[in-house]
């Protein structure tokens, strides 16, 4: 009875995918995106420092976010890093991968 009550109490949040078509029923996409990190876990023990580990985590998050938005991470990050020093913080959303358009060659 306790397990059923537990599940029923969490049902409204668990059914969020019914309200938002962008949400998936499972987390397979997330699992696939973190697979390279899990495979390299032993190597990351030697990141050098806590700060180095945090920097790597941020870099991985940016790269995977770009990939999830069908954006070339290298091209997007190059574009962002060129604009970031002069960009207004209150307009940071303009630099997000879902707002980026590749420049025509």
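In the UniProt record's numbering, the protein residues as written are 1 to 105.
Cβ atoms here follow ideal geometry from the backbone N, Cα and C, with glycine treated the same way.
Can the beta-carbon of residue i be found closer than 8 Å to that of residue j?
i: residue 62; j: residue 77; result: yes
i: residue 47; j: residue 53; result: yes
i: residue 8; j: residue 17; result: no
i: residue 60; j: residue 89; result: no
Write down the C-beta distance between residue i and residue j rounded to the nearest angstrom, noting that I regard them as a contact closer than 8 Å.
i: residue 102; j: residue 66; result: Wrong, their Cβ atoms sit about 12 Å apart, outside the cutoff.
Given residue i, which residues of its chain have a CB within under 7 Å of its CB, disregarding the five upstream and five downstream residues?
i: residue 93; result: 99
i: residue 50; result: none
Give the DSSP-derived three-state secondary structure of residue i in the structure shown.
i: residue 42; result: coil
i: residue 67; result: helix
i: residue 33; result: helix
i: residue 126; result: This structure cannot settle anything about residue 126, because the visible part of the chain is limited to 1 through 105.
i: residue 62; result: helix
Tell me which residues share the same chain as residue i and place their Cβ nearer than 6 Å to its Cβ, disregarding the 5 neighbours each side in the sequence.
i: residue 85; result: none
i: residue 33; result: 64
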